[in-house]
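Comments concern the structure below.
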DNA sequence: TTAGGGTTAG
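Residue numbers (our numbering): 41 to 793.
Written as structure tokens, this is what we have:
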């Protein structure tokens, strides 16, 4: 009796929700008569109860008990079903839950229990879902209920709990079925738990579900996400029947394993098999083409998407933007972006990322402002992209502004974003803030990337010993160094001239199970070469157990230019011309080595070779932050409104550099320039200026970050090295082709042969 | 009444 009173009270409380839900029902729905009937029944019942709220026990006793209670339960369960279907708030869900628990219905009706589990999972409340599961478990249990709870865990990111529950299930009499395995395998895949995944695979074989289409697709996906693509392919290959999802799972597996050729080959086979692609498949294929960086193939995928009507799908459009971005085709990406009818956060992020990936950080900043104006809220990924754009521009002002925006917008600063912010501050010259962020990270939360960023930051500012000290701390903290750590360390040693320490670091790599890659050899060659140990650098290249890269020979060629070693320079250049025949920079570097030793004939030959190949060195530029703006700055640039301030500052810095003992290297400036002018030219554009800038800790109103030497003639726009304009004086500089007459910010040139 | 494949960053 008390039960029935309780149920009546709960029903009364729930009435408004049901009525509200019924109003939302689509009048054109095919379910309308059924629902109206249910509602009608319920209203009649409710009306009856409302008229007689205080039920007389004797009148109830006079009723046919079975009929009354069955009817009541049916109504209650129907009502709860309806409520659960329309329930979109956790408060109402908890109300329904407590109602069903109090009435005891939840123990009898596992269907309703499962529906509540599903709803709780949808609201991200797996603890409540589990309490429902545990309530029902003792009384009535079946695979469906277990599957529902495992699914709730697997979809809600509680992968360990999903596996523990599956393990518990195996110990009971409840047998897993074809629904169980995809859920459990998903949990294994999400955490790359290959051992557990193989156990589940074994269970699927034992129970005979390993040939179920859904289980097979889940197995392919699990093996792929655990990095065992070939194992996944074995299952895929043995499948008697394959649908689109299975094909896509395997294509995605190859794409994720960075085997784009195999992914595309499989896509072709799928089409030959008569299986039509859908949006999900196209996204994977577009990603594979992006990995190839093949614009022609990208255009084919784009055309395929248009012809099959996939461009109405935002995800496909986003994937196509990312594809063009990776192919370096920014204009095509922008075209797709501009033509989109609807954009989501990923669309904006993809386009922003497209700009940063292709060195157009300023464009990214402009688009970011458009994004904010459009009302699209930046998320942590947006913040990451934009922080890297600020790092690229070296703009401390923009970086700080962005950091403030992240705080104002309450964007979650996770470990990745914190590392990116640290990197940005270090690259913008604000090592103090970078260090402060690093120090604020709890020791246990500092991952390898955090250490790498701070080591690299100290290294790039010339603090080699501090970088080495941080490395020792990293080891003490029990964080294993990776290949990036050693690149940062070797680079730090190179910048600070710590040769012995650099050699030791290189030797220590094996101890930490890091195999030296081409970039590590390049750092070593650069370090040794700059120190004048050209033969040791050359020997190192020759003894490399891996293929010699253009990076190592490039480092040697640069060292030969610094130390005037034409003979070794020629050896390096020959290798470079073979490895990278289209790289204009190496021809220019070698021609400068010849020029420095007055071998003009060879200079001419190289220049002619460049012309014959149609090579032109792209103009290099400095990035200068003045006030709140970032400017690109070319040689002899008087277009920039702040050119006078910039030159004044550079001039004062050059004086300070000389005071701290910097001796400019004049060997490569051509001989037509007066000694005094050579020094002046180099003081503008030496990479050491940037290093000195950090060492001297100058905090000027103008921050200057020299990224590359300036190499452009404003008249002929030809690219060459060590030509510069000296403000207020006319100078004549000769390169391999011409004389360049610089005066008052302009340059005229004429051929000299 | 419960199912398998996807895009942005790092």
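We put the CB at the ideal spot given by N, CA and C, even for glycine. All values reported here derive from a predicted model rather than from experimental measurement.
Here residue 381 is exposed, its C-beta having fewer than 16 other C-beta atoms within 10 Å. Secondary structure at residue 523: helix, using DSSP grouped into helix, strand and coil.
Using a Cβ distance threshold of 7 Å, residue 478 and residue 494 count as a contacting pair.
Excluding the 5 residues flanking it on each side, residue 209 has same chain C-beta neighbours closer than 7 Å at 186, 216, in chain order. The continuous stretches of alpha helix (DSSP H) do not include residue 219, and DSSP gives it neither H nor E.
Excluding sequence positions up to five before and after residue 274, its CB lies less than 6 Å from no other CB in the same chain. Taken atom to atom, the span from the alpha-carbon of residue 697 to that of residue 688 is near 14 Å. Take the alpha-carbon of residue 263 and the one of residue 496: they are about 36 Å apart. Contact between the segment 160-176 and the segment 191-200 is established, with three or more Cβ pairs separated by less than 8 Å. Between residue 225 and residue 258 a beta carbon distance of about 4 Å is seen, short of the 8 Å cut, so the two are scored as contacting. Between residue 559 and residue 525, the CB-CB gap reaches or exceeds 7 Å. Between residue 439 and the set 354, 428, 219, the nearest pair of CA atoms involves 428. In the assembly as shown, residue 155 is a buried residue. Its beta-carbon has 16 or more other beta-carbons within 10 Å.
When the beta-carbon positions are compared, residue 363 and residue 315 stay at least 7 Å from each other. Burial is judged here by how many other beta carbons sit within 10 angstroms of a residue's own beta carbon; residue 280 has fewer than 16 and is exposed. CA-to-CA, the gap between residue 568 and residue 639 works out to about 26 Å. Per DSSP, the continuous alpha helix (DSSP H) segment holding residue 143 begins and ends at 130-143.
Non-local C-beta neighbours of residue 462 in its own chain, meaning closer than 8 Å and more than five positions away in sequence, comprise 474, 477, 478, 490, 493, 494, 497, ordered along the chain.
Within the segment 243-276, the alpha helix (DSSP H) runs of at least 4 residues that lie entirely inside it are, in chain order, 253-265.
Residue burial annotation: residue 520 is exposed, with fewer than 16 other C-beta atoms found within 10 angstroms of its C-beta. Distance between residue 270 and residue 577, taken at the CA atoms: about 41 Å.
For the 7 Å CB-CB criterion, residue 190 and residue 202 form a contact. By the CB criterion at 7 Å, residue 612 and residue 562 fall outside the cutoff. In the structure shown, residue 286 adopts helical secondary structure according to DSSP, grouped into three states.
Annotation: the segment 352-432 contains the following complete segments of the alpha helix (DSSP H) (minimum length 4 residues), in chain order: 354-366, 370-379, 385-397, 401-414. Between the alpha carbons of residue 136 and residue 357 lies a gap of roughly 42 Å.
In this structure, the straight-line span from the alpha carbon of residue 235 to that of residue 204 is close to 14 Å. Under the three-state reduction of DSSP, residue 450 is assigned to coil, being neither helix nor strand.
Around the beta carbon of residue 383, a 10 Å sphere encloses 16 or more other beta carbons of the protein chains shown; the residue is thus reported as buried. The Cβ-Cβ distance between residue 507 and residue 467 does not fall below 7 Å.
A Cβ-Cβ distance of about 12 Å is found for the pair residue 360 and residue 324, leaving them out of contact under the 8 Å criterion. Per DSSP, reduced to three states, the secondary structure at residue 576 is helical.
DSSP places residue 237 in the helix class (H, G or I) of the three-state scheme.
When secondary structure is reduced to three states using DSSP, residue 643 falls in the helix class. Less than 7 Å separates the beta-carbon of residue 229 from that of residue 265. Shown here, residue 688 sits in a helix according to DSSP, grouped into three states.
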